[in-house]
Amino acid sequence: MSALARNVYSDEMPFRDPHTAAPCLWTVRDQSGPGFEVSTARPPLTDDAQDRKGLEAACIALARREMGESPTANFGRIIPGYSQSSYRSDGYVGGPLEDVEGPQWPALTGLL
1 MSALARNVYS
11 DEMPFRDPHT
21 AAPCLWTVRD
31 QSGPGFEVST
41 ARPPLTDDAQ
51 DRKGLEAACI
61 ALARREMGES
71 PTANFGRIIP
81 GYSQSSYRSD
91 GYVGGPLEDV
101 EGPQWPALTG
111 LL
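Heads up: the sequence shown is residues 1 to 112, going by the UniProt record's numbering.
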């Protein structure tokens, strides 16, 4: 959780490492405010990395089926209207784009 939350509340968008979802969560916070709801679980099956990743993939698949779409901050995506930070080694810091054309997302309250 600390890797995921690192720098989400900073003034600048965080890099994609150590957690690739951090830039997207920063954009959600930038658009919708500082509140996040987080749930965690650590079943015994997650002691093995391969088993843990399989369980994570199954949970994401169930969430996609129930919501009819992929989770907002999953798969390294970024919300329209923002450029995404690179990995730290590349040094690019993303943020809001200027003069974005096309439809904009509504406030993202309640989607995470």
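Heads up, the beta-carbon is just placed ideally off N, CA and C, and yes, glycines get one too.
It should be emphasised that the depicted structure is a prediction, and the values quoted were computed from it without experimental measurement.
Proximity to residue i [Cα-Cα], best of the options
i   : options           : result
R42 : M1, Y87, P23      : M1
H19 : C59, P44, D90, N7 : N7
N74 : Y9, G91, A22, G68 : A22
Range of the contiguous alpha helix (DSSP H) that encloses residue i
i   : result
L62 : 49-67
A3  : 2-5
S32 : 22-32
Distance, residue j Cα to residue i Cα
i    : j   : result
F36  : E98 : 26 Å
A58  : G95 : 31 Å
P34  : T72 : 16 Å
L112 : M13 : The predicted position of L112 is uncertain, since its pLDDT is 48 and thus under 50; no value can be drawn from it.
D47  : C24 : 27 Å
A5   : E69 : 23 Å
G76  : Q31 : 18 Å
Contact under 8 Å by Cβ, residue i with residue j
i   : j   : result
F15 : S83 : no
I79 : T27 : yes
D11 : R88 : no
L62 : L55 : no
Counterpart residues of residue i in DSSP-defined beta bridges
i   : result
Y82 : P96
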